[in-house]
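The opening position of the sequence shown corresponds to residue 31 in my numbering, with each subsequent residue numbered one higher.
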Amino acid sequence: MKIILASKSPRRRELLSGIGLDFDIIGSNIDEITDEVKPENIVMDLSKKKAEDVAKGADSDSIVIGADTIVVIDGEILGKPKDRLDAYNMLKKLCGRWHKVYTGITVINTKDFKVVSDFESTDVLMKNLNDDMIYRYIDKGESYDKAGSYAIQGYGSLIVEKINGDYFNVVGLPITKLSDILLKEFKINLL
């Protein structure tokens with residue numbers, strides 16, 4: 031059985047490689063648009079669309095894993111920033127405040143077309159940063175392909191004060207949740 035990560039995210043690739051998983055990478059080509067409004071439904075819907083897109087062209091004995099991550103503060107969804115100003119505005123909004131990071135994951139077995147979707151949420155408190163610190167962080171280059179404009183595993187570790195929940199969820203893939211789904215629903219043990 032082949033395992034396929036339906037994501038071009040280097041962070042997700044690193045997380046799966048870090049647990050010794052043998053997998054292929056095939057990025058999806060979907061528009062990240064959904065009619066869902068609740069954060070947990072948004073990420074599950076988008077992760078499902080990504081996994082389904084890749085599963086269409088996968089071998090008939092594959093497990094496809096899709097994921098999607100968003101940041102939410104005051105009911106506003108923060109995706110990836112469009113430019114430097116957008117990154118600044120996102121980080122300024124997060125400064126000194128708690129926010130939630132949601133990641134949806136979908137696993138599809140192409141043999142019997144079994145589909146399982148779930149999500150994880152983690153509370154994150156960002157340090158209270160002044161404008162100079164925000165721009166210094168943005169200039170490190172980590173902001174541009176991350177929901178909420180920060181990477182907790184990189185320089186972003188210097189601007190996050192604390193988290194409640196799954197660290198790997200904030201990175202972009204809740205490994206424990208994925209492992210539980212693979213074992214319970216697909217009889218695949220990652221240990």
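Glycine residues also receive a C-beta, built at the ideal position from the N, C-alpha and C atoms.
Please read all numbers here as calculations on a predicted model, not as lab measurements.
Item: Val67 classed as buried or exposed, judged by whether at least 16 other C-beta atoms fall within 10 angstroms; Value: exposed
Item: Length-filtered (4 minimum) alpha helix (DSSP H) runs lying within the stretch 54-141; Value: 69-85 and 114-124
Item: Endpoints, the beta strand (DSSP E) within which Asp148 is located; Value: Lys144 to Met156
Item: Nearest residue (CA-CA) to Asp89, options Val200, Ile56 and Gly50; Value: Ile56
Item: Beta-carbon spacing of Val137, Ile95 below 7 Å; Value: yes
Item: C-alpha distance - Glu44 paired with Asp161, whole-angstrom precision; Value: 31 Å
Item: Inter-residue Cα distance where the pair is Leu46 and Ser37; Value: 12 Å
Item: Chain-order list of residues whose beta-carbon lies under 7 Å from that of Gln49 (same chain, five-residue window excluded); Value: Just to set this straight, residue 49 is Ile in the shown sequence, not Gln. If we look at Ile49 and ignore the five residues flanking it on each side, its Cβ neighbours are Ile205 and Leu220.
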